[in-house]
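Below is one structure, written out as structure tokens, with a few remarks after it.
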Amino acid sequence: MSREIDCRGLACPAPVLKTKELVEQEQPEKLSVIVDNEAAKQNVTRFLEYQGFVVSASQEGSDFHVTGHAGEETVSKPTPAETAASEEVKQKIMVMVGNDRMGHGDDELGSKLMVSFLTTLKEMGDELWRLVFVNNGVKMTISDSEVLPVLKELEERGAYILVCGTCLTHFNLLEKKMVGETTNMLDIVTAMQLADKVVNI
Amino acid sequence: MEFPTDENVIVGLDRADDAGVYRVNDDLALIQTVDFFTPIVDDPYWFGQIAAANALSDVYAMGGTPKTAMNLVGFPLEKMDISILREIIQGGVDKIKEAGVVLLGGHSVDDPELKYGLSITGFIHPDRVLTKQNLKAGDKLILTKPLGTGIVNTAIKGGLASQETIERVTRLMARLNRKPAEIMSRYEVHACTDITGFGLLGHLAEMVTGSGQSIRLLGDAIPMIPEAREYGQMGFVPAGAYRNREFREGMVEFGRSVDRLTQDILFDPQTSGGLLISVSRDVSEALVRELKSDGVPEAVIIGEVMSTPEEKIFVQ
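Taken in sequence, the protein lines are chains Z and D. For reference, each letter of the first sequence is one residue, going 513 to 713 in this note's numbering. For reference, each letter of the second sequence is one residue, going 241 to 556 in this note's numbering.
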């Protein structure tokens with residue numbers, strides 16, 4: 513038994529109410545609801561999913577056809593409306609740079625590695641969300657830093673560069689900072705809570 | 241379009257705020273606002289109360305004290321008994337009395353669709369005007385009423401809500417924002433608005449735009465009417481919530497644990513919603529405590545202001 517109802521021209525909640533009436537009175541195996549606005553499409557989809565139907569929607573001109581098939585055993589399962597939006601979510605990576613060298617041991621090697629690391633960081637793409645410089649790390653952001661162009665490029669690509677204000681003051685480098693926003697510990701801590709991943713170098 | 245203005249306009253049309261503010265002298269400014277709508281509940285007396293609470297709210301959101309009111313009425317004389325109008329106005333009058341406001345007059349027209357609302361005038365010191373601007377990094381955000389009235393009202397229209405739910409939500413919408421406004425005036429508050437048609441995220445987006453700050457919201461901390469989740473899942477989300485999302489979703493980033501239903505409630509248009517207060521973090525806990533113990537039980541910290549210039553709202 514397949515039924516179709518036309519809910520074009522109806523504002524919410526009328527399309528859901530008409531669908532509800534049909535489902536309750538006739539318990540159709542399959543039904544199709546025609547609506548003409550996005551809110552009605554989403555609401556009818558939700559209602560049918562809530563009732564255990566498997567739902568698909570298609571667009572024809574300015575109309576939407578929402579079709580529901582009665583599921584086999586209507587076990588209550590999380591509906592797409594309940595799970596997070598299905599479009600792929602990029603993660604937010606926060607990189608903390610606490611030194612002007614990478615790793616311990618040879619300082620000259622460490623400096624080279626840090627330059628190489630920051631230059632290669634763009635490979636993270638737009639998942640690089642925050643790049644935070646603290647302690648000796650702030651020296652990477654001042655006028656005579658070798659990686660200044662690299663950092664500016666990262667900033668242009670949309671990463672936020674945060675530079676510790678206390679550290680700049682300590683080294684007397686506040687005026688020499690050439691890239692990024694001066695930040696404080698509260699911001700750093702909040703950013704850590706927001707990030708999906710925090711990488712400490 | 242160009243609008244007339246002069247040097248005494250403190251808050252005018254150039255930036256959309258809850259109400260207009262006009263300086264009378266160095267110690268006094270007038271707050272003016274007008275608001276009316278079609279019935280949201282069946283009971284005429286309660287509709288009158290809600291319409292008045294909603295109109296008064298704009299004055300409270302600016303930090304002011306409402307003083308005088310005028311009625312605005314559109315009434316279908318041929319279709320409805322005049323006793324209905326009497327009840328609506330009685331509801332409005334009782335609510336403004338509760339607020340310590342006097343009624344000076346009003347105007348009514350014959351209208352095929354019933355409408356009621358009020359124009360309210362309030363007083364404020366010109367230096368103490370609270371607007372949507374002026375978020376400060378580190379501030380905590382406090383919300384004083386739970387969200388979800390749009391969804392619940394849609395379910396009421398659909399005949400789904402129980403009498404008990406209808407009464408509870410009606411009382412919530414009819415509750416004045418007077419208490420939170422009075423209490424917050426004793427604290428270091430930087431910005432304030434009331435939550436209405438654009439939903440929590442829509443109104444927050446207005447505060448964030450141009451602020452140079454971002455917001456972190458704690459999804460789990462945000463108070464919601466319990467039935468709103470159930471009705472939302474059944475498809476009783478008002479069209480306004482979808483419009484609000486479409487308009488502002490570019491400014492909002494949802495964490496993975498924030499499900500679609502929660503997102504819809506954060507975009508749900510509110511009728512006579514609570515105040516959203518941005519207050520210095522050092523006194524935020526004390527303000528919430530005082531609100532809770534003095535007639536605003538749902539008041540809670542829902543997030544904070546971050547000094548990151550992307551002007552986004554992160555919901556976790």
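Heads up, the beta-carbon is just placed ideally off N, CA and C, and yes, glycines get one too.
Where residue i falls: helix, strand or coil (DSSP)
i, result
"Cys716(Z)", "Since the first residue shown for chain Z is 513 and the last is 713, residue 716(Z) is missing from the structure and cannot be characterised."
"Thr371(D)", "coil"
"Lys589(Z)", "Only weak support exists for where Lys589(Z) lies, its pLDDT of 48 falling under 50; the coordinates are left without a value."
"Pro366(D)", "helix"
"Thr653(Z)", "helix"
"Asp504(D)", "helix"
"Cys676(Z)", "strand"
"Ser544(Z)", "strand"
"Asp334(D)", "helix"
"Glu550(D)", "coil"
"Thr619(Z)", "It is Asp, not Thr, that sits at residue 619(Z) in the sequence shown. Reduced to three states, the DSSP call for Asp619(Z) is helix."
"Met464(D)", "strand"
"Gly472(D)", "helix"
"Gln705(Z)", "helix"
"Asn484(D)", "helix"
"Ile455(D)", "strand"
"Gly580(Z)", "strand"
"Thr278(D)", "coil"
"Asp518(Z)", "strand"
"Gln603(Z)", "coil"
"Leu685(Z)", "coil"
"Lys355(D)", "strand"
"Ala291(D)", "helix"
"Ser297(D)", "helix"
7 Å Cβ cutoff, residue i in contact with chain Z
i, result
"Tyr482(D)", "yes"
"Met491(D)", "no"
"Phe507(D)", "no"
"Thr511(D)", "no"
"Ser547(D)", "yes"
"Lys552(D)", "no"
"Phe561(D)", "Given a span of 241 to 556 for chain D in the structure shown, any question on residue 561(D) remains unanswerable."
"Val473(D)", "A small fix is needed here, since residue 473(D) is Gln in this sequence, not Val. It does; some Cβ of chain Z falls within 7 Å."
"Phe397(D)", "The identity of residue 397(D) in the sequence shown is Lys, whereas the question assumes Phe. Taking Cβ atoms only, chain Z reaches closer than 7 Å to Lys397(D), which makes this a yes."
"Ala468(D)", "no"
"Thr278(D)", "no"
"Gly378(D)", "yes"
"Thr394(D)", "yes"
Cα-Cα separation between residue i and residue j, rounded to whole angstroms
i, j, result
"Glu658(Z)", "Ser628(Z)", "11 Å"
"Leu381(D)", "Ala301(D)", "14 Å"
"Lys397(D)", "Leu354(D)", "16 Å"
"Tyr356(D)", "Phe363(D)", "24 Å"
"Tyr672(Z)", "Leu268(D)", "44 Å"
"Leu358(D)", "Ser425(D)", "24 Å"
"Val261(D)", "Thr433(D)", "14 Å"
"Ile360(D)", "Gln556(D)", "38 Å"
"Leu325(D)", "Tyr285(D)", "9 Å"
"Leu344(D)", "Asp246(D)", "27 Å"
"Glu667(Z)", "Arg496(D)", "25 Å"
"Leu307(D)", "Gly288(D)", "Inspection of the sequence shows that residue 307(D) is occupied by Lys rather than by Leu. Their Cα atoms are separated by approximately 18 Å."
"Val685(Z)", "Thr394(D)", "According to the sequence shown, residue 685(Z) is Leu rather than Val. Their backbone Cα atoms lie some 59 Å apart in a straight line."
"Asp638(Z)", "Thr678(Z)", "28 Å"
"Val567(Z)", "Leu660(Z)", "53 Å"
"Ser574(Z)", "Glu422(D)", "50 Å"
"Lys602(Z)", "Ile713(Z)", "22 Å"
"Val430(D)", "Phe243(D)", "One detail in the question is off: residue 430(D) reads as His in this sequence, not Val. Distance between the alpha carbons of His430(D) and Phe243(D) is about 28 Å."
"Glu562(Z)", "Phe276(D)", "Residue identity differs from the one stated: residue 562(Z) is Tyr in this sequence, not Glu. Their Cα atoms are separated by approximately 35 Å."
CB contact check: residue i to chain D, cutoff 7 Å
i, result
"Phe559(Z)", "yes"
"Thr586(Z)", "Confidence is the limiting factor: at Thr586(Z) the pLDDT is only 48, short of 50, which leaves the residue's position unreliable, though a coordinate-based value still follows. Answer no: the Cβ-Cβ gap between Thr586(Z) and chain D never drops below 7 Å."
"Glu550(Z)", "yes"
"Thr702(Z)", "yes"
"Val528(Z)", "yes"
"Ala593(Z)", "Caution applies to Ala593(Z), whose pLDDT of 47 falls short of 50 and renders its modelled position unreliable; the value that the coordinates give is listed next. Output row for Ala593(Z): interface = yes."
"Thr611(Z)", "First, the amino acid is wrong: residue 611(Z) is Asn here, not Thr. Answer no: the Cβ-Cβ gap between Asn611(Z) and chain D never drops below 7 Å."
"Lys589(Z)", "In this prediction, Lys589(Z) scores a pLDDT of 48, lower than 50, which makes its location untrustworthy; no coordinate-derived value is stated."
"Leu640(Z)", "no"
"Pro525(Z)", "yes"
"Ser598(Z)", "Legend: pLDDT at Ser598(Z) = 44, less than 50; position of this residue unreliable, value from coordinates given subsequently. No, Ser598(Z) does not count as interfacial toward chain D."
"Asp699(Z)", "yes"
Those residues which DSSP pairs with residue i across a bridge
i, result
"Met608(Z)", "Val644(Z), Asn712(Z)"
"Pro306(D)", "Gly362(D)"
"Thr273(D)", "Ile360(D)"
"His347(D)", "Leu312(D)"
"Ser512(D)", "The partner list for Ser512(D) (beta bridge, DSSP) is empty, contrary to what the question assumes."
> What beta strand (DSSP E) runs, 3 residues minimum, are completely inside the region 379-451 of chain D?
Replying inline: 380-383, 429-434
> What beta strand (DSSP E) runs, 3 residues minimum, are completely inside the region 519-543 of chain D?
Replying inline: Taking only runs of at least 3 residues, no beta strand (DSSP E) segment lies wholly in the region 519-543 of chain D.
> Which runs of the beta strand (DSSP E) spanning at least 3 residues fall entirely within the region 241-267 of chain D, listed in chain order?
Replying inline: 249-251, 260-265
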